[in-house]
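Q:
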Amino acid sequence: MHVSVPRVGLFASFALACSLAILATPQAMAMSGSPARMQSEMRKLWEDHLTYSRNYVISGLAGIKDTGLVAARLMENQSAIGQTLRGAYGSQVGDRFASLLKNHILIAFDIVDAAHGGDVNGITAGQNQWHTNAEEIADLLSSLNPRWKRPMILSTLYRHLDHMAAQIAARMAQNWAADIDAYDQDHDEMLAFADLLATGISHP
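Position 14 of the sequence shown, counted from 1, bears residue number 20 in my numbering, the numbering being contiguous throughout.
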């Protein structure tokens with residue numbers, strides 16, 4: 007059983023949270039210094055991506071009032087990740103990467119909203135959009151650096167989407183063990199992905 011949250015109310019809360027976030031100091035990190043520092047900073051950004059994505063799933067499905075604030079923090083994280091490519095590949099590439107990552111999150115919002123309302127067709131449509139977005143991200147990254155092989159990038163992103171979908175499904179079914187297992191698997195794989203991105207920035 008779930009408590010329905012009106013879509014308009016959810017996104018109004020998100021919009022308000024975004025306006026408040028503008029007043030805060032951005033958390034974007036400058037990817038400079040040694041490769042080891044780049045790896046550490048990239049891992050921190052993707053840790054935040056995983057953490058706040060999970061927080062959004064939990065809050066969105068449960069209809070908790072912090073959903074809008076979590077959404078704003080999550081979108082801020084996508085901007086920060088996108089900007090990591092600026093130094094090595096230019097501002098246009100950084101902006102494009104950030105835009106694709108934000109789309110990834112906006113689709114996640116739709117999927118959580120659909121799951122919350124029991125809209126199976128909405129979930130399926132969102133997952134299809136997720137996969138198209140993953141292909142666009144893989145296309146961008148693979149065009150920038152031979153270390154970023156498209157099949158490898160795409161398979162990693164697909165697994166990330168599968169793990170996110172598994173968390174949503176497990177929480178809806180109150181299968182807490184499966185939920186935790188899906189997060190743990192996603193965590194390990196996406197930190198490896200962060201390392202791959204850091205290596206490509208160190209060696210453009």
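All C-beta atoms in this analysis are idealised placements derived from N, C-alpha and C, irrespective of residue type, glycine included.
It should be emphasised that the depicted structure is a prediction, and the values quoted were computed from it without experimental measurement.
Going straight from the alpha carbon of S40 to that of G96, what length do you get?
A: Stepping through the sequence shown from its first residue, residue 40 is reached at position 34. Stepping through the sequence shown from its first residue, residue 96 is reached at position 90. Distance between the alpha carbons of S40 and G96 is about 19 Å.
Q: Return the residue from the list M81, N134, G69, S208 that minimises the CA-CA distance to R153.
A: The count along the sequence shown starts at 1 and reaches residue 153 at position 147. R153 has its Cα closest to that of S208, out of M81, N134, G69, S208.
Q: Check the C-beta distance from S59 over to M170 and give it rounded, since I have them as a contact under 8 Å.
A: In the sequence shown, counting from the first residue as 1, residue 59 sits at position 53. In the sequence shown, counting from the first residue as 1, residue 170 sits at position 164. With 8 Å as the limit, S59 and M170 qualify as a contact, their Cβ atoms being about 7 Å apart.
Q: Look at the alpha carbon of A77 and the alpha carbon of R156, and state the distance between them as a whole number of angstroms.
A: As a working note, residue 77 is residue 71 in the sequence shown. As a working note, residue 156 is residue 150 in the sequence shown. Approximately 29 Å, taken between the alpha carbons.
Q: Here's a check: name, in chain order, each residue in its chain whose Cβ is nearer than 7 Å to the Cβ of Q45, leaving out the five neighbours to either side.
A: Locating residue 45 in the sequence shown gives position 39, counting from the first residue. Cβ within range, chain order: D201, A204.
Q: Looking at the secondary structure, which residues open and close the alpha helix (DSSP H) in which T90 lies?
A: Mapped onto the sequence shown, residue 90 falls at position 84. T90 -> no alpha helix (DSSP H), and no H or E assigned at all.
Q: Enumerated in chain order, which unbroken segments of the alpha helix (DSSP H) with a length of 4 residues or greater are wholly contained in the stretch 140-197?
A: If we require 4 residues or more, the alpha helix (DSSP H) runs fully inside the stretch 140-197 come out as 156-178.
Q: As a quick exercise: from D125, T130, V99, W52, pick the residue whose alpha carbon is nearest that of F199.
A: Looking up residue 199 in the sequence shown gives position 193. Residue W52 is the option with its Cα nearest to F199.
Q: How is A30 classed by DSSP in three states: helix, strand or coil?
A: Within the sequence shown, the letter at position 24 stands for residue 30. Residue placement at A30 is flagged as unreliable, the pLDDT there being 37, under the threshold of 50; a coordinate-derived value is accordingly withheld.
Q: Okay, do the stretch 141-151 and the stretch 112-128 touch, 3+ Cβ pairs below 8 Å being the bar?
A: Output reads no: the stretch 112-128 does not touch the stretch 141-151.
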